[in-house]
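Enquirer: I have a structure I would like to understand better, so I am pasting it below and will then ask my questions one at a time.
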Amino acid sequence: MHKPTATNGSRKLDLLTGMTTAPAKPKPSPTLLVLLIIPLFGIFVALLMLALETRQQPAATRNFTPAPPRAVVNFKAPDFKLPLLDGITLVSPSDYAGRPLFLNFWATWCQPCVRELPAFEEFIAEHSDESNGPALLTINLGETAAEISGFLAKIAVQNLPVAMDINQVVKLDYGVQNLPTTFVIDGDGRVRHLKLGEMKYEEMDAYLAALEAAT
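Numbered continuously in this note's numbering, the sequence shown closes out at residue 212.
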């Protein structure tokens, strides 16, 4: 049986019971729900992609611990001994005493690093006949000899001296925060110039001229 009711504003009065009932709340519009869900879904996808990118990033970058930057580029180059790609021969900055030395930090996953490798190889070839001429030593961070050798063969770089800082200890000693980074060391073993980013062949000539002018 239909109960008689009377309307009082937005409420209904049941004439039999004397009780009032509030009107039913309107259901959310499907369009409104879609408009709310789309932004949330976009945020979820963005967070998921960021998590995947971080997970796939090389360990050398994930474990990178920045060191305090050098305030003045005029300090004694920290000495070290690192193995070359043969895993036996050890190399040290002191091996190049009396000669200008370009000391470069790099990794195979660093695109600017890769772009400068041919310039390094050309520079070495240009000065190979000079007994006291400039030298170059590259230091790879966090990668194995097999990974480095395979990569160099792939890009046809054959005559590049590469030392391996697998545990990235030397990187911390030199305060390296970004790759590539190149230290220009004079014949007395002091760092005189610092290059952040990709090194060009012409820049190496300019740094070398600056060292010669300072002596």
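All C-beta atoms, glycine included, are put in the ideal place defined by N, C-alpha and C.
Please state whether the Cβ-Cβ distance between CYS110 and PRO177 is less than 8 Å.
Expert: Contact flag set, yes.
Enquirer: For a quick check, are the C-beta atoms of ARG189 and LEU208 less than 8 Å apart?
Expert: Contact flag set, yes.
Enquirer: Compute the distance between the beta-carbons of LEU81 and ALA160, then report whether it is under 8 Å.
Expert: Yes, Cβ-Cβ distance for LEU81 and ALA160 is below 8 Å.
Enquirer: If you compare alpha carbons, which of PHE148, ASP170, ILE163, VAL181 is closest to LEU205?
Expert: Checking every option, the nearest Cα to that of LEU205 belongs to VAL181.
Enquirer: In the structure shown, what three-state DSSP assignment does LYS192 receive?
Expert: Correct three-state label for LYS192: strand.
Enquirer: Going by the CB atoms, is the gap between PHE120 and TYR198 shorter than 8 Å?
Expert: Yes, Cβ-Cβ distance for TYR198 and PHE120 is below 8 Å.
Enquirer: Tell me the DSSP secondary structure of ARG187 in three-state form.
Expert: Strand.
Enquirer: Along the alpha helix (DSSP H) that carries ILE145, what are the first and last residues, could you check?
Expert: 142 to 151 is the span of the alpha helix (DSSP H), which, as asked, contains ILE145.
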